[in-house]
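Student: As you go down the protein sequences, you meet chains Z and L in turn. If you count the first sequence from 1, position 429 lands on 429 in our numbering, and the numbers rise without skipping. If you count the second sequence from 1, position 42 lands on 1042 in our numbering, and the numbers rise without skipping. Cβ coordinates follow ideal geometry from the N, Cα and C atoms, glycine included. Please read these numbers as outputs of a predicted model, since none were measured by experiment. I am attaching a structure below and will ask some questions about it afterwards.
Number of protein chains: 2
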Amino acid sequence: MLSGAALAVSAAALLCLPSCEQGSSAPSAGASPFARPFPMPHGYWKKTDEFYCFASGGQQGGIYVYGMPSMKLLSEIPIFNVDPRWGWTTANPEVREMMTNPRTGEVLISGDTHHPVLSRKDAKYDGKWLFINDKRNARIARMNLATFRTEEILWMENVPGGMHGFSSGPNTELLIGNIELESYPAKEIRDYLGAEVDIDLIKGPYVSCVFGVKVAPDGTMKTAWQVWGPWQYDLARAGWGESDGWFINTAYNTERSVNTVGMFKRPEDYVFYWNIASIEKAVADGKFITTEEAPDVPVIKWSDIELYAAPCPLNPHGLDIDPTGRYALSSGKATTLVRHYDFRKVMKAIEEQNFIGEEFGVPIIDKEAISGDIDTGLGPTHIEYDNEGYCYIGFFVDSDVKKVALGDPWDKKHGHEPWSVVDTIPAHYSVGHLMVPGGDSAEPYGKYLVIMNKLTKDTFLHHGPLICENHELYDIETVPAPLIDQMSLPPESHYAQGIPVSLVTQHAKSVYDLPSTLPTPGVAYDYDNKKATVTMTCVRSFFTPDMFTVPQGWDVDVQIQNVEMSLDMTHGWALTGYDVMESIDPGEHKTLQFKATHEGVFWYYCLWFCSELHMEMRGRMIVIPEAEWTPELEWSALK
Amino acid sequence: MLSGAALAVSAAALLCLPSCEQGSSAPSAGASPFARPFPMPHGYWKKTDEFYCFASGGQQGGIYVYGMPSMKLLSEIPIFNVDPRWGWTTANPEVREMMTNPRTGEVLISGDTHHPVLSRKDAKYDGKWLFINDKRNARIARMNLATFRTEEILWMENVPGGMHGFSSGPNTELLIGNIELESYPAKEIRDYLGAEVDIDLIKGPYVSCVFGVKVAPDGTMKTAWQVWGPWQYDLARAGWGESDGWFINTAYNTERSVNTVGMFKRPEDYVFYWNIASIEKAVADGKFITTEEAPDVPVIKWSDIELYAAPCPLNPHGLDIDPTGRYALSSGKATTLVRHYDFRKVMKAIEEQNFIGEEFGVPIIDKEAISGDIDTGLGPTHIEYDNEGYCYIGFFVDSDVKKVALGDPWDKKHGHEPWSVVDTIPAHYSVGHLMVPGGDSAEPYGKYLVIMNKLTKDTFLHHGPLICENHELYDIETVPAPLIDQMSLPPESHYAQGIPVSLVTQHAKSVYDLPSTLPTPGVAYDYDNKKATVTMTCVRSFFTPDMFTVPQGWDVDVQIQNVEMSLDMTHGWALTGYDVMESIDPGEHKTLQFKATHEGVFWYYCLWFCSELHMEMRGRMIVIPEAEWTPELEWSALK
Ligand SMILES: [Cu+2]
Ligand SMILES: [Cu+2]
C-alpha cells in the first residue's frame, strides 16, 4: 500500500494529466505537463496513456505494442517468428501451418515485418484488425485486436519474396502490396509478359508486380489479382476521399538495374497511378492468365489496365496521402526534394492527356501540371499528417523532421504560406519512418509525433557493438515541438500506427471463452499410428494428468485446456530434455505436438510463477523403449 | 536542434540528477529528484543512469539489459533462443554448435533462463562476465560484457534438465548449480547410489544432484563434479566471508514425492550445508564413478562428503546470504516464515555435533542453536541486501516487500531491533524475485530496489489475454520507500543483477577488430562436396559480390566481413525465399550456412537502414538446377 502522504502526492499528480495542460506556446520550466511524477502513483502509466502504438518489429518478425505517451512496451505480437514468451511456437500445429511455405513445405521461423496497417472504415481506424507485411518472404498477416494475436498468414503467390509497400483501401476491403525485389518468375508469366520486358535469368533485368488482396467481412484474406510489369515498386498507398478508387506507388529503380550504382542513373524516377476499377475490369473481362502454382490468382499485364506514371525526385521512398485524400507527397531519398502531387490536377491531366511521353506504353504525366517541390533538407524519407493541416517529413541525413504547412484548403486553417516549413524538430538520429496517431488516415488524431530513428549512437548507455533503436516522442501541439521521451527498441522497427485507446478496448478480450464441456483428462494410445494423445487441464497449481507414459519414437499430441477464468492467470508447459515450451492463457485450449525421441523421465513444469505452489506445479512424461513397452504401461493402467 | 529556450530548460534539468537530491526523509510534492524533465534533453537517460540491470528472460531464453533508474531496455542478449534482431541464428555454425544437444544431436532453439550471475572478485562484482542457467535443459551460458554476447554454453552431463539454483563462488572460480527436477539417471549412477535411495522408473521417487563447474581464468567452463543423493534441490548460494568454503541450498520436496500435494506433507523441509573441500577431497581420493555419457565428470555419492541438513519452514524457496557472509535467510514460500541462520552458530553446532537426528546418513542440525524466525507476511519468496544492514524480503501473497533490519553486527549501524520490519513497500503484484544492485555480494550498492512482480493485472493498458510483467523501481534511501517507475517486460523474468555503469564500461567494446588482411570477395566451388563458399564484404551501401550463382541442392557458406569501423554501423543479410537473416556488426566477421534447396533468383538485402542508399543495398543469389549447371555459370566466369 502507498502511505497516506504518498497517496496525496499521487492524487495531485493524477489531476495534472498530460492532456490537460498543453497550450500552443513554448513550455516554460516548472510547467511540466509530461514530467513524470515522483513518487509515482500506481496506475499512472495506464491512466495517462491515450494511444496504442503498433510498431513493426523488423527482424523481430512481429509487432511491438506500446502506450503513448508512456512509451512503455505492453506486448509483442509474434507473427513470422517463434516466441515462447508470447505463446507462439511451432509445436502448436495451427502456428506451424501458418508458418509453412506452401511452395517448398519448409517451416520458416523468421521474417522481416515492415508496414503495420490498421483496419479502417471510411478511411478512419476502426480498431478491429491489424495487418502487416513480411518483406523477406512476401507474406501478409492479420492480427485480431480483441486478443492481440495473429489469426492468419497469407503467402503471396508467384513470387519468392521482397514485398515492401503495403496499404489498405478506405474500408479494408482491399489491401495493396508491392513487390520491391524484382524476380524472374515462372515461365507462364515470362511468356505472358512477352519479349518487350526483355528479361534474363543471369543478367537481368527482371519484372515485378503489385497485388490486391480481398478481405472478407470476417477478415479472411485472398489474393484477388496481380498486375505484372517491367518495374519494381517500393512504397504504396491506396487512396481515399479525392483519390478513392486509385492507388499509387513509388519505383526507385526505373533504370531496371541489378546493382546499386545502376539504380541511381536516372535523375528522376516515377510515382505510378493505378486505377483499381480498370484492374477489376481486366479480371472480369478474362484478360489474365493463371499459373500452375496459383490457379486461382489472375496474373494481369500492366498494359491491360489503366496506369500512369508521374516523374518524381531521384530514387523516391516515402509516399503518403493527406487526410483529404487530395495530396500525395513523395520524397527523393537521395536528394533534398519532396514532391507534392495534387490528385485533382492529376485527374485533370489524365483527362486532358497532358502527357510528356510514355515508357513501356505507360503515359507519363507532365509534372508541371500536377506537382511542386519542397526543397528543405537532405535525405527525406517518410511523411505523416496531423489534423491541423501540417505534414511531418523525416530526413535521414539532416536527422530532423520538418513540419510543413499543406496547401489549399488547409492554408485557411493554418494560415501559413502553403508548403512552408513551420518547425524543425531534432531527431537522434537519421529518421526512417515517423508516426502521428491516425496520420495515414482521413482522421489524424495529432497531438504526438513518434520519430523512428535508424541510428541511435550515443543516446543510451553502452551495450556492445549491436545498438538498439530509438523512438522519440514529441509534443506537436507546441512550436517548437518539445521532446517528451526517448524509447529504446530492439532493431529494427519500421513503420508504426497509433490509435486511441478506446477504439481498441471496445473490442478487448481478457480471457478466452471456456468450452461448454470441459475435456476429461486422460491418455489415448493409437498403436496403428504410433501416437499418444494426452488430454490435459491446468489450473493453479496442477496439471491433470501429472504423469503419462509413451513408447519411444511415438508422436505425442498434448491437448491442454487452461480452466482459469481470471485475467493474467496464464500457465506454461515446458518439457525438460525437449524443445517444447508454450503458454496457455486463461480459458485457452492449445495443442502441442512433438515426437518422443529419447527415453527417460522428463518433467513438464509451469513456466509462470502462478501461485506459492508454482514450483510444485509439474508432471512427468515417461518415455519407454518400444521393445520394453506393454499395454500394462498405459496411463490408465498405472494411474 | 533544440531551441535556445529548450536548451536552457534542459541544462537546468541536468543539474538535478537523481543522485544529488535524495534525503532520508519522506519526499514532498514539488521536490522531485526522479521526476522526468519536460522538455527532455537529449542524452538525459544515458547521463542519469547509474546501474546496468541484467535480468533473466525466462521463456525469452536470454537476458534483458536495462538502465537504472531510466528503466529503458538497452539490449537483449540471446543465448538459448534464436533472435535475428540481436544477431543470433542457427545459420551461424558457431551458434548452432552451442545450441546442439550433445546427447541427442538435436538443435534446441528455446530455453528458460533463471538466475543471472555476475562474475566477481573477493565476492564483489568485477564487470567481466555474466553467467546464467537454463532451467528446462540444464545448461549454463557465459556472456562477455565487453561485447554483450554469449561466448559459451555448457550442457550439464548425466541429467535431462531441470536446473534451478545457480550461484558463483567469491572469485568465480567455481559455479554451483542445483538440479531441481529429480531424475531417473543412467544405470551406472543408480547402481552406485544403491538400494538405499529406493528409486523406481514409474512410481518414483527419483534422485538428483548438485554440481560444481570450474571457471578457467579465460572464462572457459568445465564440470568439476556432481554430487548425487536422494533429494532434489531448489535454490543455491555459494558462501563468502564467514561462509567461505561452503555452499547452501534449499530442498522443498524432502518428502521425495512425485505429485504436488505430496510435496507439502512435511511441516518443515531442509536447508543443506555442503563443504566444498570435502567434495574436492572425494575427487582427489577417487571416491567417485564416471558414466559412459560423461567419462570426465566425477559422480560422487552424497554419503562420501561432508553434508548437513538444517530444518527450514515448509517448502522453502529463496535462500540468500548477507554481505558479511554470516547470515543466510530462507523463506518458506507456503508459510509466513523466513528463517535466519547464523553461519557462525552453524559451524559451532557442527563442531559440537549438536544434531537432532539424521536422514539418509546426513546429520540434522538442531535449529534452536542456529536460527530464528521472522514471522511477517504470507508467501515469502526471495531476499536481497543493501549496504546499510537491511534485507528486503518479497511476499507473493501479500504483494509487498518488507524491509527488515539485520542482526549483529548490523544493529550497531542501523540502530533497530534485530530482525524487525522497518518498512513495507507495496508491489503490483505478487513478488517473485527482487534486486538491489550488488545485493547478493559482499558490497551492495543499495540505493534502488527492483521488485520483479509475477502478476501485473491492471498495471498497464489492456493488451489481450497474455499479460506482460512489471518491474518496479523503488528508492530505498527513503522511508517509506517511494515508487520511482514501473517497467513492463515480456513474460517471465526471474532474478536480476544490478552493477554500476563504470564497472561494465571499463571493458566495453563498440566495434570488433578488423582482421589485419581483409578477405578478397569471391566464390569458390567445391564440386566434390557440393559446396559453394562465398567470401563477401559489406559496407554502406554495397555487398561485394552483389551476385553469385550456385547449383541447386548445394551447401552455401557465406563468409561476411563488415568492414565498417563506426559505432552503430551494423549491416544485415536477409535472403528472400529462404529462412536466413542475420546481422553483422561493425568490424565483425560472420559465417552463414544453408542449403540452396530451391531454384530461382533470390535477393539478399541489408536489414538496416544504414544510409540513403539502403534500399539499393542488395544482391542476388541465382540457384540453377544441377542438370543445367555448367562451369561457365560460375561467378568468376560471369562477373
Ligand atoms: Cu502455473
Ligand atoms: Cu546496410
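Determine which residues share a DSSP beta bridge with L:E1268 and list them.
Tutor: The residue you call residue 1268 of chain L lines up with position 268 of the second sequence. L:P1313.
Student: Report the start-end ranges of each beta strand (DSSP E) in the stretch 1441 to 1498 of chain L that is 3 residues or longer and not cut off at the edges.
Tutor: Qualifying beta strand (DSSP E) stretches, in chain order: 1448 to 1453, 1469 to 1475 and 1483 to 1489.
Student: Quick check on this structure: which residue in Z:D49, Z:R266, Z:Y578 and Z:P409 has the alpha carbon closest to the alpha carbon of Z:I499?
Tutor: Mapped onto the first sequence, residue 499 of chain Z falls at position 499. Of Z:D49, Z:R266, Z:Y578 and Z:P409, the residue nearest in Cα terms is Z:D49.
Student: How do the stretch 1270 to 1289 of chain L and the stretch 1299 to 1319 of chain L stand: do at least 3 beta-carbon pairs fall below 8 angstroms, yes or no?
Tutor: Yes: the two stretches touch, three or more of their Cβ pairs being nearer than 8 angstroms.
Student: By DSSP's criteria, L:A1282 is part of a beta bridge. Which residues make up the other side?
Tutor: Locating residue 1282 of chain L in the second sequence gives position 282, where the first residue counts as 1. According to DSSP, L:A1282 bridges with nothing at all.
Student: Skipping 5 residues on each side, what residues in its chain have a beta carbon closer than 8 angstroms to that of L:E1599?
Tutor: Position 599 of the second sequence holds residue 1599 of chain L. Once the five neighbours on either side are set aside, the close Cβ partners of L:E1599 are Q1552, V1623, I1624 and P1625.
Student: Report yes if the C-beta of Z:R190 is less than 7 angstroms from at least one heavy atom of ligand 2; otherwise report no.
Tutor: Counting from one through the first sequence, the residue named residue 190 of chain Z turns up at place 190. Flag unset: Cβ of Z:R190 not near ligand 2.
Student: For L:T1535 and Z:E359, what's the separation of their Cα atoms in angstroms?
Tutor: The residue given as residue 1535 of chain L occupies position 535 in the second sequence. The residue given as residue 359 of chain Z occupies position 359 in the first sequence. Going by the C-alpha atoms only, they are around 39 angstroms apart.
Student: Between which two residues does the beta strand (DSSP E) carrying L:I1640 extend?
Tutor: Residue 1640 of chain L cannot be examined here, being either before or after the span of chain L that is shown, 1001 to 1639.
Student: Nearest chain L C-beta to Z:P316 closer than 8 angstroms, yes or no?
Tutor: By 1-based counting over the first sequence, the position of residue 316 of chain Z is 316. Judged by the 8 angstroms Cβ criterion, Z:P316 is not in contact with chain L.
Student: Spell out the partners DSSP gives Z:C53 in its beta bridges.
Tutor: For this step, residue 53 of chain Z is matched to residue 53 along the first sequence. In the DSSP output, where bridge partners are listed per residue, Z:C53 has Z:Y66 and Z:G498.
Student: By the 7 angstroms beta-carbon criterion, what residues does the stretch 1358 to 1388 of chain L contribute toward chain Z?
Tutor: Within the stretch 1358 to 1388 of chain L, the residues whose Cβ lies closer than 7 angstroms to some Cβ of chain Z are G1379, listed in chain order.
Student: Taking only three categories from DSSP, how would you classify L:D1398?
Tutor: Your numbering for residue 1398 of chain L matches position 398 in the second sequence. Correct three-state label for L:D1398: coil.
Student: Using only alpha-carbon positions, find the residue among Z:S183, Z:Q353, Z:T630 and Z:L145 that is nearest to Z:D198.
Tutor: Taking the first residue of the first sequence as position 1, residue 198 of chain Z is located at position 198. Minimum Cα distance to Z:D198 is reached at Z:S183.
Student: Against chain L, with Cβ distances strictly below 8 angstroms, would Z:A496 count as a contact?
Tutor: Numbered from its first residue, the first sequence carries residue 496 of chain Z at position 496. It does not: the Cβ of Z:A496 has no partner Cβ on chain L nearer than 8 angstroms.
Student: Please name the residues in the stretch 59 to 76 of chain Z whose beta-carbon is closer than 7 angstroms to at least one beta-carbon of chain L, in chain order.
Tutor: Per Cβ criterion, the list reads Q59, Q60, V65, G67, K72, L73, L74, S75 and E76.
Student: In chain L, which residues lie less than 9 angstroms from Z:M640 when you measure between Cβ atoms?
Tutor: What the structure shows of chain Z is the stretch from 1 to 639, and residue 640 of chain Z is not part of that stretch, so it cannot be assessed.
Student: Is L:A1328 helix, strand or coil by DSSP?
Tutor: Working through the second sequence from its first residue, we reach residue 1328 of chain L at position 328. If DSSP states are grouped into helix, strand and coil, L:A1328 belongs with the strands.
Student: Specify, as a first and last residue, the run of the alpha helix (DSSP H) that L:R1344 falls within.
Tutor: Working through the second sequence from its first residue, we reach residue 1344 of chain L at position 344. Its alpha helix (DSSP H) spans residues F1343 to E1351.
Student: Is the closest heavy atom of ligand 3 to the C-beta of L:H1614 under 7 angstroms?
Tutor: This structure lacks ligand 3; its bound ligands are ligand 1 and ligand 2.
Student: For L:P1313, which of L:E1582, L:P1102, L:L1337 and L:F1247 has the nearest alpha-carbon?
Tutor: Position 313 of the second sequence holds residue 1313 of chain L. Per the Cα distances, L:L1337.
Student: Indicate the three-state DSSP secondary structure (helix, strand or coil) for L:P1093 in the structure shown.
Tutor: By 1-based counting over the second sequence, the position of residue 1093 of chain L is 93. Correct three-state label for L:P1093: helix.
Student: With contact counted as at least three CB pairs below 8 angstroms, one residue from each stretch, are the stretch 465 to 481 of chain Z and the stretch 1507 to 1527 of chain L in contact?
Tutor: Contact holds: three or more Cβ-Cβ distances are below 8 angstroms.
Student: Under the three-state reduction of DSSP, which class applies to L:S1024: helix, strand or coil?
Tutor: Here residue 1024 of chain L refers to the residue found at position 24 of the second sequence. Low confidence applies to L:S1024: its pLDDT is 35, below 50, so where it sits in the model is not reliable enough to give any reading.
Student: Excluding the 5 residues preceding and the 5 following Z:S75 in the sequence, name in chain order all residues of the same chain whose CB lies nearer than 6 angstroms to its CB.
Tutor: Working through the first sequence from its first residue, we reach residue 75 of chain Z at position 75. Closer than 6 angstroms at the Cβ level, and outside the excluded window around Z:S75, lie V65 and F148.
Student: Let me know if L:N1562 comes out buried or exposed under the rule of 16 or more other beta-carbons within 10 Å of its beta-carbon.
Tutor: Taking the second sequence and counting its residues from 1, the one referred to as residue 1562 of chain L is at position 562. Buried, because 16 or more other Cβ atoms sit within 10 Å of the Cβ of L:N1562.
Student: Mind checking whether Z:F38 and L:S1032 have CB atoms under 8 angstroms apart?
Tutor: On the first sequence, residue 38 of chain Z is found 38 positions in, with the first residue counted as 1. On the second sequence, residue 1032 of chain L is found 32 positions in, with the first residue counted as 1. Their beta carbons are under 8 angstroms apart, which means Z:F38 touches L:S1032 by this criterion.
Student: If you follow the beta strand (DSSP E) that Z:I189 is in, where does it begin and where does it stop?
Tutor: Sequence index remark: in the first sequence, residue 189 of chain Z carries index 189 (1-based). Not the beta strand (DSSP E): Z:I189 falls in the alpha helix (DSSP H), residues K187 to L193.
Student: Could you tell me whether any Cβ in chain Z is nearer than 8 angstroms to the Cβ of L:D1200?
Tutor: Walking along the second sequence from the start, residue 1200 of chain L turns up at place 200. So, not an interface residue.
Student: Going by the DSSP bridge assignment, what does L:F1131 pair with across the sheet?
Tutor: For the purposes of this step, residue 1131 of chain L is taken as the residue at position 131 of the second sequence. According to DSSP, which records beta bridges pairwise, L:F1131 is partnered with L:V1117 and L:R1142.
Student: Would you mind working out which of Z:C209, Z:V346, Z:R256 and Z:D122 sits nearest Z:W240, comparing C-alpha positions?
Tutor: As a working mapping, residue 240 of chain Z is identified with position 240 in the first sequence. Comparing Cα positions, the closest option is Z:D122.
Student: Under 8 angstroms between the Cβ atoms of Z:M71 and Z:Y448?
Tutor: Start at 1 with the first residue of the first sequence, and residue 71 of chain Z comes out as number 71. Start at 1 with the first residue of the first sequence, and residue 448 of chain Z comes out as number 448. Going by C-beta atoms, Z:M71 is not nearer than 8 angstroms to Z:Y448.
Student: Should Z:L455 be flagged as near chain L, meaning a C-beta pair shorter than 8 angstroms?
Tutor: Taking the first sequence and counting its residues from 1, one reaches residue 455 of chain Z at position 455. Chain L, which has a Cβ nearer than 8 angstroms to the Cβ of Z:L455, makes this yes.
Student: Which residues of the stretch 1191 to 1220 of chain L have a Cβ closer than 9 angstroms to any Cβ of chain B? Give them in chain order.
Tutor: Note that chain B does not occur in the displayed structure, where the protein chains are Z and L.
Student: Name the DSSP bridge partner or partners of L:S1168?
Tutor: Locating residue 1168 of chain L in the second sequence gives position 168, counting from the first residue. DSSP, once it has assigned bridges, lists L:L1175 as partnering L:S1168.
Student: Among Z:Q559, Z:W86, Z:P102 and Z:A282, whose alpha-carbon lies nearest the alpha-carbon of Z:K531?
Tutor: The residue given as residue 531 of chain Z occupies position 531 in the first sequence. With distances taken between Cα atoms, Z:K531 lies closest to Z:Q559.
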